[in-house]
Amino acid sequence: MSSLQHKLDRAVTIQAPLETVFRFFTDDARWAAWWGAGSTIDARLGGRVYIRHPGGVEVSGEVLDIRPPSRIVFSYGYVAGHPIAPGGSRVSIQLEPDGATTRLHLTHEFDDIQPRDEHVQGWRYQLSLFANLVANEAHARAADVVDAWFTAWSEPDALAREAVLARVVNDEVQFRDQFSDITGLPDLLQQLAAVQRFMPGIRMRRAGDVRHCQGTVLAEWVANTADGGERGRGTNVFVLSATGVIDSVTGFWDVPKRA
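In my numbering, the protein residues as written are 1275 to 1533.
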């Protein structure tokens, strides 16, 4: 491997804790979810690495170094022998905590510049897929978190509202919409108390499935008055922390259609 004079480097920030990210290098099901059905990894020194791309292209290798939960190194080559022979290149992945998120740094070393250049877009694509896949697992309960947010807005009891929000928002949560410019849980609780005072019986609920991408969640909502009439509807943009709670919410009200 001493002839590997050419390398590409790529780094991404993943919206998940370091331990969650590293699981995808030690578990066959998660590894296959990233690379393609049938891909496997034996996450021990000397263990086999096998990648089967959806198009049927096969890559094989061997684990050269593994230091949970921060580092894995493996050889990388194509079973067919082209453009890289088996064992002909080396992939190093280093993970570092970045606050509650994880910074992933990948280095792929080659003995020739042409396959290096051919893999630049490949790794750009694969690491983008990876970041989304890990974030989807880290935020598997995103819909529940969103529903708790709307439950708090609909809850008339102050202690119950506080208990709900304490489970799903950061203390410094931010909320912005055309009626709000709020930072911090205490300010948010006062705003919700005002909502219940001036619009008693208001009920908010999610309308349809949430849409999630790397810690950002879109959720449609409907607000109904106590007699069941529609008070408004719109879309909220939730930004979740890597630990799955809400960092910020931006609300957009739909503009009523004119007759």
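All C-beta atoms, glycine included, are put in the ideal place defined by N, C-alpha and C.
Within the segment 1441-1493, the runs of alpha helix (DSSP H) at least 4 residues long that lie entirely inside it are, in chain order, 1459-1472. Per DSSP, the beta bridge partners of Ile1340 are Ile1346. Counted as a single uninterrupted DSSP element, the alpha helix (DSSP H) harbouring Pro1389 occupies residues Ile1387 to Ala1412. Assignment of beta strand (DSSP E) within the segment 1298-1381, counting only whole runs of 3 or more residues, yields 1322-1326, 1332-1341, 1345-1352 and 1363-1372 in chain order. DSSP places Glu1504 in the uninterrupted beta strand (DSSP E) bounded by Glu1504 to Leu1514.
In the displayed model, Asp1528 falls within coil according to three-state DSSP, outside both helix and strand.
The alpha-carbon separation between Phe1298 and Asp1372 amounts to approximately 18 Å.
Cα atoms of Val1484 and Glu1494: separation of roughly 8 Å, rounded to the nearest angstrom. Look at Thr1287 here: in three-state DSSP terms it is strand. Between Ile1288 and Thr1375, the C-beta spacing is below 8 Å. Selection His1327, Ser1344 and Val1353 evaluated against Glu1336 yields Val1353 as nearest (Cα-Cα). Just so you know, the alpha carbons of Ser1349 and Phe1384 end up roughly 10 Å apart. Below 8 Å, too few C-beta pairs join the segment 1501-1511 and the segment 1435-1446 to call them touching: fewer than three. Nearest to Ala1414 by alpha-carbon distance, out of Leu1378, Ser1515 and Arg1507, is Ser1515. In the three-state DSSP reduction, Val1519 falls in the coil class, being neither helix nor strand.
Taking 8 Å as the cut-off, the Cβ atoms of Ala1290 and Arg1377 do not count as close. With at least 16 other beta carbons inside 10 angstroms of its own, Gln1448 counts as buried. About 6 Å separates the beta carbon of Ser1334 from that of Gly1351, a gap short enough to meet the 8 Å contact definition. When DSSP reads this structure, Ala1416 sits in no beta bridge, so it has no partner. If you draw a straight line from the Cα of Ala1497 to the Cα of Asp1431, it is about 18 Å long. A straight line joining the alpha-carbon of His1280 with that of Glu1293 spans about 30 Å.
Shortest Cα-Cα distance from Val1295 to any of Glu1392, Leu1403, Gly1310 and Arg1390 involves Leu1403.
Residue environment for Phe1512: buried (at least 16 other C-beta atoms within 10 angstroms of its C-beta). Secondary structure of Leu1282 (DSSP, three-state): strand. In the DSSP annotation of this structure, the continuous segment of the alpha helix (DSSP H) that includes Glu1293 starts and ends at Leu1292 to Phe1296. Under a 10 Å Cβ-count criterion, Leu1433 is classified as exposed, with fewer than 16 other Cβ atoms of the shown protein chains found around its own Cβ.
Selection Ser1277, Trp1309, Trp1527 and Val1420 evaluated against Asp1386 yields Ser1277 as nearest (Cα-Cα).
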